[in-house]
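>
The following block contains the structure:
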C-alpha cells in the first residue's frame, strides 16, 4: 500500500488488494473509498472483495467509481458527502490515486479553499492538479471549455518587471497585442522604501495607480492568476476564466512569507517590530529610529534568495547613522543577525562595508535565522547553524527590531508546471526563455536566474526578453540578446553616501560609470545623488515606459 496523506483525515493511494487491508487497518484508517470502476483492468480486485475484507477488519467502505477524465459535478458532490459522513481518517483509491486526488481537490475548491493551496497540498504528495485548475477556480466545480480571450503576448504581473517587459515589447512592435494581468490597483516603487524608513522619501512618493502605468495599447486584465496550463497555452484566473496566449511572460514578483516566522503577524507594526519590506510599515521604521534614545536595535536577514539582498543592511546603516548624528549611538547596541555565512555575496564590497560596521559598532551574527518573535516581551529567537551543521537556538532581547521575512515564489507559480525544483520559473539565465516550454518567458523576482533580485536586474532583463520573444515570433532577424546577470544594490551606508554595488553572474563587477565619476567600491556622494534624485525618474519615466536608458540589450556574437 502506497498511501499519501493529503490531510490529517484523508489519504489517497493507487489500487489496493486483499493483502493491503491489514496495512490499511494498522495505519489507523477507519474508512475506504473506491473511486475506480470494477473491471477496469484484468488484474484489478473487485470492490466487493475489498468491502468484505475491510468489514472484517472493522473498516467502513464506500463505492464511488468515476471515469478517468470524466469526473462530473455529481461525482464531486458525492465524494464531498462521503468524506464528511464516513469515519476518519479515510483512504481513497483508484488506479494511480490521481482520480481520488482530483475529487478531493475539486471538493476543497467547492468549500472555498484557495486553488494554489489545494494544488500545493496535492503536489506535496506527488499529484499534479494543474489540469483541474480552471475547474477548481470556478468554485462551482463545473468545467470550463476553451479560453475567454486570446492575446499574442500575455504578461502575468504588473510590477516593475511586468510593466517594463510590456513596455519594451510595445516599443519594438507597437501593434503587438499584449495583455497585462494583475489584480492590484496600486503600483509601488519598492526601492524607495529604504529611504522612507530613513525619513528621506515621503511614503506617497513611492506609489502610483496601476491604471496610470499600463502602457498605451496594452489591455489590463484586473484579476488574480491561480494557475498556468502551458499545454493548452492558457492562464487560469480567479473565477475560472482562462486567457489564451501565443507567448507568455511570467513576472509576478515573489511572496513575502510573513507567516514563516512564528509570532510575527501578531506583532508586526507595533511593539517596536517593523520592516521596510512593506509600504505601510516603512514610516514606522523611521518613527522607531527617531524615538529610540537608548537600548538595543536588532536587524535581521533571512536565507537567500530575497528581494534586494542589501536592503536589510541598508536599514541598519541608515538607522545607525541617524543615531550617530544625534549623539545617541553610544547608548544603542546594534546587532545584525543574518542567515547567510557572510556580510555580502560579492567580496569586493565587503571591506568598505566592514568599515561602517566598525564605525557603528554593530555586532554581526552569521548563520542566524529568525524563527520566532514575541513583540510584547521584546524577545526574538534564532536558529543558529554551526560550522559542523549542528543547530542551536539563540534568544535575544530588543527595543526595536527590523525584520525581513523569508521569501519564495508565489504559490500559483510554485505549484505550476513552469516551476523548477525550488519553485521558481525555470528559465535559461541568458535568454530568459523557459527551459521546457518554448513559448514561455520569465523575468524579475520569480524567475530562476541566479542573479540579484532587484529592480535594476529587471530593468536589464526586460529588453533582453522583449528582443528574444519577438525574434522567436519572427519579427526580429538579429541574433539572440544575452542577459549577463546584471544587478545593482545601492548600499546606503550613511545619509548622503552610497556604495554602488553593480555585479553580474558569478559576482563579476559590472560598473555602469567610469571610476572617476562613481567608484562602486567606495561610498560616494555621487552615488547617493543617483539613488535619491535620478533613479526614481529613470524608473517611472524610463524603465516603465520602454525607454531603455543604459539598458539596451547586448546581442550574442
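Residue numbers (the working numbering): 939 to 1495.
Each residue gets a CB set at the ideal place from its N, CA and C atoms; glycine is no exception.
These figures come from a predicted structure and were not determined experimentally.
#1: Check whether chain C comes within 9 angstroms of residue 1297, counting only Cβ atoms and requiring the distance to be less than that.
#2: What's the gap between the Cα of residue 1159 and the Cα of residue 1093?
#3: Where are the beta strand (DSSP E) runs, 3 residues long or more, that stay fully inside the segment 1143–1174, in chain order?
#4: Determine the direct distance from the alpha carbon of residue 954 to that of residue 1370, and round the result to whole angstroms.
#5: Would you list the one or two residues that DSSP bridges to residue 1106?
#6: At which residues does the beta strand (DSSP E) containing residue 1338 begin and terminate?
#7: Per the DSSP calculation, residue 1440 is bridged to which residue(s)?
#8: Ends of the alpha helix (DSSP H) at residue 1133?
#9: From residue 1248 to residue 1282, what distance separates their C-alpha atoms?
#10: Residue 1338: buried (16+ other C-beta within 10 angstroms of its C-beta) or exposed?
#11: Would you identify the three-state DSSP class for residue 1493, choosing helix, strand or coil?
#12: Is the separation between the beta-carbon of residue 1230 and that of residue 1135 shorter than 9 angstroms?
#13: Output the boundary residues of the beta strand (DSSP E) element that contains residue 1119.
#14: Judging by CA-CA distance, which residue of 1047, 1362, 1029, 1264 is the nearest neighbour of residue 1391?
#15: Looking only at its own chain, which residues have a Cβ that is under 6 angstroms from the Cβ of residue 1375, when we skip the five neighbours before and after it?
#16: Which full runs of the alpha helix (DSSP H) of 4+ residues lie inside the segment 1224–1310, going along the chain?
#17: Is the segment 1334–1353 in contact with the segment 1191–1206, if contact means three or more CB pairs nearer than 8 angstroms?
#18: Going along the chain, which unbroken runs of the alpha helix (DSSP H) with 4 or more residues stay wholly within the segment 947–1000?
#19: How long is the line joining the alpha carbons of residue 1079 and residue 1048, rounded to whole angstroms?
#20: According to DSSP, residue 1087 sits in a beta bridge with which residue or residues?
#21: Can you give me the Cβ contacts of residue 1081 inside the same chain, cut-off strictly under 6 angstroms, excluding the 5 residues immediately before and after it?
#22: Could you check which residue in 1305, 1006, 1412, 1199 has the C-alpha nearest to that of residue 1326?
#23: Please classify residue 1130 as buried or exposed, where buried requires at least 16 other C-beta atoms within 10 Å of its C-beta.
#24: Suppose the cutoff is 7 angstroms on Cβ atoms and the five residues either side in sequence are ignored; what does the same chain contact list for residue 1151 look like?
#25: Alpha carbon to alpha carbon, how far is residue 1434 from residue 1457? Give it in angstroms, no decimals.
#26: To which residues does DSSP link residue 1413 through a beta bridge?
#27: Short of 7 angstroms in beta carbon distance, which residues of its chain neighbour residue 1309, apart from the five on each side in sequence? Order them along the chain.
#28: How many angstroms separate the CA atom of residue 1451 from the CA atom of residue 1409?
#29: Residue 1322 lies in the beta strand (DSSP E); which residues open and close that run?
#30: Taking the straight line between their C-alpha atoms, what separation do you get for residue 1202 and residue 1475?
#31: Can you name, in chain order, every residue of its own chain whose Cβ lies under 6 angstroms from the Cβ of residue 1395, other than the five neighbours on each side?
#32: Which residue comes first and which comes last in the alpha helix (DSSP H) that contains residue 1470?
#33: Report yes if the C-beta distance between residue 1184 and residue 1090 is below 9 angstroms; otherwise report no.
#34: On the three-state DSSP scale, how would you describe residue 1128?
#35: Since residue 965 and residue 941 are thought to touch, with beta carbons under 8 angstroms apart, how far apart are those beta carbons, to the nearest angstrom?
#36: Give the C-beta separation of residue 1165 and residue 1057 to the nearest angstrom, bearing in mind that I take them to be a contact with Cβ-Cβ under 8 angstroms.
The answer reads as follows:
#1: In the structure shown, chain C cannot be found, because there is only a single protein chain.
#2: Cα to Cα, residue 1159 sits roughly 10 angstroms from residue 1093.
#3: 1145–1147, 1157–1159, 1163–1167
#4: Straight through space, the alpha carbons of residue 954 and residue 1370 are spaced by roughly 45 angstroms.
#5: BP columns for residue 1106 are empty, so no partner.
#6: 1338–1340
#7: Beta-bridge annotation (DSSP): residue 1440 is paired with 1426.
#8: 1131–1134
#9: 8 angstroms
#10: buried
#11: strand
#12: no
#13: 1116–1119
#14: 1362
#15: 1168
#16: 1249–1263, 1288–1297
#17: Under the Cβ criterion (8 angstroms, minimum of three pairs), the segment 1334–1353 counts as touching the segment 1191–1206.
#18: 959–964, 985–994
#19: Residue placement at residue 1079 cannot be trusted, given a pLDDT of 42 that sits under 50; what the coordinates show is reported in the next sentence. Each residue's alpha carbon lies about 6 angstroms from the other.
#20: 1181
#21: With a pLDDT of only 41 at residue 1081, under the threshold of 50, the placement of this residue in the model should not be trusted; the figure read from the coordinates follows. Around residue 1081: 1073.
#22: 1305
#23: buried
#24: Here residue 1151 has 1101, 1125, 1482 as same chain residues with Cβ atoms under 7 angstroms from its own Cβ, once five neighbours each way along the sequence are excluded.
#25: When rounded, the separation of the alpha-carbon atoms in residue 1457 and residue 1434 is 15 angstroms.
#26: Answer is none; residue 1413 lacks a bridge partner.
#27: 1199, 1200, 1319, 1320, 1321
#28: 30 angstroms
#29: 1317–1323 is the extent of the beta strand (DSSP E) around residue 1322.
#30: 35 angstroms
#31: Excluding positions up to five away in sequence, the list reads 1389, 1425.
#32: It is not in any alpha helix (DSSP H) - residue 1470 carries neither H nor E in the DSSP assignment.
#33: yes
#34: helix
#35: 7 angstroms
#36: 7 angstroms
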